[in-house]
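Numbering (the working numbering), first residue to last: 47 to 204. Idealized CB from N, CA, C, for every residue including glycine. Have a look at the structure below, then the notes.
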Amino acid sequence: MTEWSTFLPDESATVAAGARLGRAMGAGGDLLTVHLCGDLGAGKTTFTRGVLSYFGHSGAVKSPTYTLVEVYELPARTVYHFDLYRLGDPEELEYMGIRDYFVPGSVSLIEWPSRGEGVLPPPDLVATLKVQDGGRIVKLEASSDAGAALIERIKTDE
């Protein structure tokens, strides 16, 4: 399995790591799905802010806990930021037309993906963030060939 991890000493390093993932994604036409895992306060939304900043978003990024999804239509990519923390049942995703979000050229960043299990498509990449030693650790694990290619691009960017 292809993986990569690094220590993130502060918020700016977490944003920079997200931007690095965004750079690896580029402006390609592939659909990319990333599951964001970690406890409350681990930095999932901060990491997402970095991905969005790479693609040109400069405004606020809030976790879509109550709306389930925030859509960012950016010049290079459309990015969907999901937060499934308050999802009562995975079937609710079907009612919101979840399958319509997973289209070529888009990126889906999904916080609390376990709450949508059985309905969500498999991820290309799983990003796990953990609080550790006064900062964070981010670990990226590939779940597809596209995910492995992303990690290889991140590694060559070091």
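- Any alpha helix (DSSP H) of 4 or more consecutive residues that is wholly inside the stretch 103-180: Uninterrupted alpha helix (DSSP H) stretches at least 4 residues long and entirely within the stretch 103-180 occur at 137-141, given in chain order.
- Under three-state DSSP, which class holds residue 189? Along the sequence shown, one-based indexing puts residue 189 at 143. Secondary structure at residue 189: coil, using DSSP grouped into helix, strand and coil.
- Query: Which value, in whole angstroms, describes the spacing of the CA atoms of residue 99 and residue 65?
  - Reply: Counting from 1 along the sequence shown, the entry for residue 99 is found at position 53. Counting from 1 along the sequence shown, the entry for residue 65 is found at position 19. Each residue's alpha carbon lies about 6 angstroms from the other.
- Can you tell which of 69, 168 and 154 has its C-alpha closest to the C-alpha of residue 198? Translated into positions along the sequence shown, residue 198 becomes position 152. Of the listed residues, the one whose Cα sits closest to residue 198 is 69.
- Query: Alpha carbon to alpha carbon, what distance is there between residue 133 and residue 77?
  - Reply: Counting from one through the sequence shown, the residue named residue 77 turns up at place 31. Counting from one through the sequence shown, the residue named residue 133 turns up at place 87. When only Cα atoms are considered, residue 77 and residue 133 end up about 24 angstroms apart.
- Thinking just about the alpha-carbon of each residue, which of 165, 203, 75 and 89 is nearest to the one in residue 205? The question about residue 205 has no answer, for the chain in this structure spans 47 to 204.
- Item | Opposing strand residues paired with residue 51 [DSSP bridges] | Along the sequence shown, read from residue 1 onward, the residue named residue 51 stands at position 5. According to DSSP, residue 51 bridges with 185.
- Are residue 109 and residue 127 close, meaning C-beta to C-beta below 9 angstroms? As a working mapping, residue 109 is identified with position 63 in the sequence shown. As a working mapping, residue 127 is identified with position 81 in the sequence shown. Cβ atoms of residue 109 and residue 127: closer than 9 angstroms.
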